[in-house]
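Trainee: Counting with my numbering, you get residues 69 to 456 for the letters of the sequence shown.
All residues carry an ideal CB built from backbone N, CA and C; glycine is no exception.
For clarity, every value in this text was computed on a predicted model and none was experimentally measured.
Quick one: structure below, then a few questions.
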Amino acid sequence: MRILHTSDWHLGRSFHREDLLGHQGAFVDHLLDVVAAEEVDVVVVSGDVYDRALPHVDAVALADEAFARLASSRARVVVSSGNHDSAQRLGFGSRLMDAAGVFVRTDASSVGTPVVLDDRHGPVAIHALPYLDPSALLEPWQLGRRSHEAALSEAMSRVRADLSARSGETRSVVLAHAFVAGASPSESERDISVGGVSRVATSVFDGIDYTALGHLHGPHVLGPGLRYSGSPLAYSFSEADQQKGSWLVELGPSGFVDATWVEAPVPRRLSRLMGTLADLLLDPSLDDREDDWVQVTLTDARRPVRAMEQLRQRFPHTLVLQFPTAAPAPGVPARPAAGTSDHAISLDFVRHVRGTAATDAESDLLQQAVDACCHDPDLDVLVPGGST
Numbered sequence: 069m070r071i072l073h074t075s076d077w078h079l080g081r082s083f084h085r086e087d088l089l090g091h092q093g094a095f096v097d098h099l100l101d102v103v104a105a106e107e108v109d110v111v112v113v114s115g116d117v118y119d120r121a122l123p124h125v126d127a128v129a130l131a132d133e134a135f136a137r138l139a140s141s142r143a144r145v146v147v148s149s150g151n152h153d154s155a156q157r158l159g160f161g162s163r164l165m166d167a168a169g170v171f172v173r174t175d176a177s178s179v180g181t182p183v184v185l186d187d188r189h190g191p192v193a194i195h196a197l198p199y200l201d202p203s204a205l206l207e208p209w210q211l212g213r214r215s216h217e218a219a220l221s222e223a224m225s226r227v228r229a230d231l232s233a234r235s236g237e238t239r240s241v242v243l244a245h246a247f248v249a250g251a252s253p254s255e256s257e258r259d260i261s262v263g264g265v266s267r268v269a270t271s272v273f274d275g276i277d278y279t280a281l282g283h284l285h286g287p288h289v290l291g292p293g294l295r296y297s298g299s300p301l302a303y304s305f306s307e308a309d310q311q312k313g314s315w316l317v318e319l320g321p322s323g324f325v326d327a328t329w330v331e332a333p334v335p336r337r338l339s340r341l342m343g344t345l346a347d348l349l350l351d352p353s354l355d356d357r358e359d360d361w362v363q364v365t366l367t368d369a370r371r372p373v374r375a376m377e378q379l380r381q382r383f384p385h386t387l388v389l390q391f392p393t394a395a396p397a398p399g400v401p402a403r404p405a406a407g408t409s410d411h412a413i414s415l416d417f418v419r420h421v422r423g424t425a426a427t428d429a430e431s432d433l434l435q436q437a438v439d440a441c442c443h444d445p446d447l448d449v450l451v452p453g454g455s456t
């Protein structure tokens with residue numbers, strides 16, 4: 069069985085207010101070409117089909133087109149929901165779509181019930197785990213503690229119970245949307261930490277022939293059969309150096325055989341440039357960057373007048389202009405590093421203002437306050453250099 073592992077499409081997302089829908093449509097075209105050329109049997113999407121719980125109509129239309137075209141191809145499709153998706157909206161009509169070979173799994177109650185597909189070597193049980201909110205599952209699943217590892221551990225217990233009741237020839241695939249230890253985040257993933265804990269140990273997925281991970285936007289290999297595909301497009305300048313694509317996974321009669329990286333098209337590259345305005349405008353080595361989306365950090369001693377206007381004369385797709393962060397004044401806390409949790413920032417604030425660290429009880433109270441807040445994900449990502 070040949071499986072194409074994708075994730076984190078984020079349909080409807082923009083890039084610094086630039087519309088990406090056309091670029092996302094080009095990825096769908098690429099996906100169909102790969103299915104045909106590589107004789108793919110199953111396409112899996114490990115969460116975050118959409119960028120928002122309430123996606124706009126053009127994003128829904130593109131998802132509808134993508135799934136309809138895949139349903140008409142040689143491949144079947146297994147999709148799980150991510151933390152950006154609305155489980156109810158993405159899962160609407162899932163029982164009808166099953167008949168078309170598009171299996172969408174968004175409900176925690178389905179955990180432990182796989183999509184079973186067959187090849188010439190026998191059955192493959194594909195367990196598509198939707199994004200599991202530990203807060204919502206704490207009581208129904210009697211987790212004991214509110215963490216992603218607790219939720220996924222319970223989910224995998226149900227998966228293993230199902231697999232143990234099947235024949236020894238059954239191979240296993242799991243889709244999971246989580247932050248697994250050993251991988252590195254970028255600036256464009258939404259923070260899913262709960263109770264100060266977001267990472268999940270790789271051992272949670274031990275014994276599975278292939279685990280198709282989603283959530284992180286860069287590709288990662290955490291083990292031969294434990295991988296992130298990453299997002300098909302770059303969604304922040306921190307992803308400028310990442311390769312984008314999918315994993316083409318081969319399952320043999322005994323399980324995982326191999327995984328080959330399939331690069332996705334790059335409709336427009338990302339470049340991060342640093343230097344004085346005069347150097348950037350005149351440097352001939354930057355000729356091939358002129359059509360890129362560009363983030364510029366100017367190092368001029370004095371901020372130039374109309375810097376963005378001048379930059380766009382050479383680099384018309386300059387989207388971000390920033391200046392190096394000045395050293396903080398004495399006694400002023402340094403700007404938190406990108407990816408610092410809200411809880412850690414609040415603890416640093418208490419330590420700075422009061423001169424002593426928060427007590428355990430105060431730390432727990434601050435964590436509850438952070439968890440109770442509802443952030444706009446487009447406004448709460450720290451970006452080096454001062455932009456948000």
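1) Starting from Pro-191, trace the beta strand (DSSP E) both ways and give me its first and last residue.
2) Tell me where the beta strand (DSSP E) around Ala-363 begins and ends.
3) Looking at C-alpha atoms only, which residue of Phe-305, Phe-135, Asn-151 and Ala-429 is the closest neighbour of Ala-167?
4) Using the C-alpha atoms, what's the distance from His-283 back to Arg-157?
5) Could you give the residue range of the beta strand (DSSP E) that holds Gln-92?
6) Compare the C-alpha of Phe-417 against each of Leu-434, Leu-200 and Gly-407 and name the closest.
7) Under a Cβ-count criterion, where at least 16 other Cβ atoms within 10 Å of its own Cβ denotes burial, should Met-69 be classed as buried or exposed?
8) If you drop the 5 nearest sequence neighbours on each side, which residues of the same chain put their C-beta closer than 6 Å to that of Pro-333?
9) Assuming contact is defined by CB atoms lying nearer than 9 Å, are Ala-244 and Thr-279 in contact in what I supplied?
10) Work out the CA separation of Ala-426 and Leu-130 for me, nearest whole Å.
11) Kindly indicate which three-state DSSP category Leu-387 falls into: helix, strand or coil?
12) What residue does the beta strand (DSSP E) around Ser-299 start on, and which one ends it?
13) Using DSSP bridges, identify the partner residues of Leu-185.
14) For a test of the three-state rule: what should DSSP assign to His-84, helix, strand or coil?
15) Counting only runs that start and end within the stretch 333-364, where is the alpha helix (DSSP H) found for 4 or more residues in a row?
16) Gly-264 to Ser-409, Cα distance in whole Å?
17) Taking just the CA atoms, how far does Asp-126 sit from Thr-393?
18) Decide if Met-376 is buried, meaning its Cβ has at least 16 other Cβ atoms within 10 Å, or exposed.
19) Enumerate in chain order the residues of its own chain whose CB-to-CB distance from Ala-196 is below 6 Å, with the five nearest sequence positions on each side excluded.
20) Given this structure, state the Cα-to-Cα distance separating Ala-437 from Pro-321, to the nearest angstrom.
21) What ranges does the beta strand (DSSP E) occupy inside the stretch 217-256, keeping only unbroken runs of at least 3 residues that lie completely in it?
22) Using DSSP's beta-bridge definition, name the partner residues of Glu-133.
23) Would you call the stretch 82-94 and the stretch 301-309 touching, i.e. three or more CB-CB distances under 8 Å?
24) Please state whether the Cβ-Cβ distance between Val-192 and Ser-240 is less than 9 Å.
25) For Arg-228 and Ala-176, what's the separation of their Cα atoms in angstroms?
26) Using only CA atoms, which one of Phe-247, Arg-234, Trp-361 and Met-165 lies nearest to Arg-85?
27) Between Ile-276 and the rest of its own chain, which residues show a CB-CB distance below 6 Å, the 5 nearest in sequence each way excluded?
Mentor: If we stick to the structure as given:
1) Pro-191 -> beta strand (DSSP E) spans 190-196.
2) For clarity, residue 363 is Gln in the given sequence; the question names Ala instead. Bounds of the beta strand (DSSP E) holding Gln-363 are 361-366.
3) For Ala-167, the closest of Phe-305, Phe-135, Asn-151 and Ala-429 by C-alpha to C-alpha distance is Phe-135.
4) Taking the straight line joining both Cα atoms gives about 19 Å.
5) Taken as a continuous stretch (DSSP letters only), Gln-92 belongs to no beta strand (DSSP E), being part of the alpha helix (DSSP H) at 89-105.
6) Nearest C-alpha to Phe-417 among Leu-434, Leu-200 and Gly-407: Leu-434.
7) Taking every protein chain shown into account, the CB of Met-69 has 16 or more other CB atoms within 10 angstroms, so this residue is buried.
8) These residues qualify, in order along the chain: Ala-94 and His-98.
9) With respect to the 9 Å criterion, Ala-244 and Thr-279 are classified as neighbours on the basis of their beta carbons.
10) Approximately 48 Å, taken between the alpha carbons.
11) Leu-387 falls in the strand class under three-state DSSP.
12) Premise fails: Ser-299 is in no beta strand (DSSP E) and is neither H nor E.
13) Paired residues: Val-192.
14) Three-state DSSP puts His-84 in coil, outside helix and strand.
15) Entirely contained in the stretch 333-364, the alpha helix (DSSP H) runs reaching 4 residues are, in chain order, 345-350.
16) Residue placement at Gly-264 is flagged as unreliable, the pLDDT there being 42, under the threshold of 50; the coordinate-derived value follows with that caveat. So the alpha carbons of these two residues sit roughly 8 Å apart.
17) Taking the straight line joining both Cα atoms gives about 38 Å.
18) Exposed is the label assigned to Met-376, since fewer than 16 other Cβ atoms lie within 10 Å of its Cβ.
19) In the same chain as Ala-196, and ignoring 5 residues on each side of it, the C-beta atoms closer than 6 Å to its own belong to Val-146, Ser-148, Arg-173 and Leu-243, in chain order.
20) Cα to Cα, Ala-437 sits roughly 51 Å from Pro-321.
21) With a minimum length of 3 residues, the unbroken runs of beta strand (DSSP E) contained wholly in the stretch 217-256 fall at 239-245.
22) Answer is none; Glu-133 lacks a bridge partner.
23) Pairwise C-beta distances place the stretch 82-94 in contact with the stretch 301-309, as three or more of them are shorter than 8 Å.
24) Yes; because the gap between Cβ atoms is below 9 Å, this pair is in contact.
25) Taking the straight line from one Cα to the other gives about 16 Å.
26) Proximity to Arg-85 across Phe-247, Arg-234, Trp-361 and Met-165 peaks at Trp-361, based on C-alpha coordinates.
27) These residues qualify, in order along the chain: Ser-240 and Val-242.
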